[in-house]
Amino acid sequence: MSNRKFSLFLKVVTIILAVGVSSVGISLLVGTTRNQLLGIQKPKGQTAKTSLDRAMGASAQSIIPATVQMNEVPKPFQGTIIYQAKLKANEKVIALTFDDGPSPKNTAQILEILKKNNIKATFFMVGEMVKYFPQVAKLVAADGHVIGNHTWHHWYFQMDGATASSEIDRTADIIYKTTGEKTTLFRPPGGFLNNGLAQYAKKEKYAVMMWSEESGDAERRSPQVPMLVKNVLKEAKPGAIVLLHDGGGNRSKSVKALPEMIAGLKTQGYRFVTIPQLLEMQAKEQSAVTAVSSVTTNHEHPNHQ
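Take any residue in the sequence shown, note its place counting from 1, add 71, and you have its number in this note's numbering.
(1) Count the other CB atoms within 10 Å of the CB of K176; is the residue buried (16 or more) or exposed (fewer)?
(2) Suppose contacts are defined by Cβ-Cβ distances below 8 Å. Is A278 in contact with Q149 by that definition?
(3) Where does D170 sit, in a helix, a strand or coil, going by DSSP?
(4) A272 bridges to which residues according to DSSP?
(5) List the endpoints of the continuous beta strand (DSSP E) containing L314.
(6) Is D14 buried or exposed, if buried means 16 or more other CB atoms sit within 10 Å of its CB?
(7) Taking the straight line between their C-alpha atoms, what separation do you get for T168 and K327?
(8) Compare the C-alpha of T151 against each of A208, P259, W226, K202 and name the closest.
(9) Exposed or buried, which one is F228 when buried takes at least 16 other CB atoms within 10 Å?
(10) Assuming A334 is part of the alpha helix (DSSP H), what are its boundary residues?
(11) Quick one: residues in its chain with C-beta nearer than 8 Å to the C-beta of V101, no 5 flanking neighbours on either side, listed in chain order?
(12) For N220, is the classification buried or exposed, using 16 other Cβ atoms within 10 angstroms of its Cβ as the cut-off for buried?
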């Protein structure tokens, strides 16, 4: 073979190899990019198989939701701070709320428990966690639960207006883009009301949701399961808002305690509602009282216009 032919042969082989390598590289890149766009990330730890399967199924959907769900609270509560609903003593309803998620293991297991008991709850999500685990956030919305805003970073320190608005607005944006839920519910991390967050939330007409009872599952040395259950059952009252956690650490005790809490509350005669439902009930009761009062006043003063 002449030098000219041999040189031509080497060029052809080089081109073929280059095309092959490029094709493989492009395939790998496309696969990786697709997983990133769909929010498919391998969570740490082991999740219950049924929950993980459902979560991964949700990941296969578009990040931009097809429908928008507006979880709006009645106007009298917008821009206010709420610890519990004021209901009649015989109105035995209670709201379970979960903070600091979504997390791939705890949230998925809690959703299975709630689904089994036909209960809808309210999840206050951290924006950064929604970014890491969009498939789990989607699953919460798909199961019919309400989602609230719990800031992007879960910071406690004093913030200026720009930082506070970023913490809340970024979280609202990613919740909407991921789940289709627009929320007017806000819960300040740690319950801090004077670090700039609550002030901004109130200005933006969020209902700033606190709580009237807690299990203690987020304490540095959280109680064992029986005490977590006892803490919730002994403080239960009509219109109560219960603080629980599905993120922010190992919440295995919370998961174990939840079925017992639910069973105990049912035994006491309670049924479970979301925060918007709870506030809607209070608004209707107040409206009814106002109507009765108006009728009584007009009856006593018939010439009143």
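Using N, Cα and C, we set each Cβ at its ideal position, and we do this for glycine too.
On the basis of the coordinates in this document:
(1) buried
(2) yes
(3) strand
(4) Partner(s): none; A272 has no beta bridge.
(5) 311-316
(6) Any question about residue 14 goes unanswered here, given that the chain covers just 72 to 376.
(7) 16 Å
(8) P259
(9) exposed
(10) 323-338
(11) Because the pLDDT at V101 is just 34, under 50, the model does not fix this residue reliably, and the value given afterwards should be weighed accordingly. Excluding sequence neighbours, V101 sits near nothing in its chain.
(12) buried
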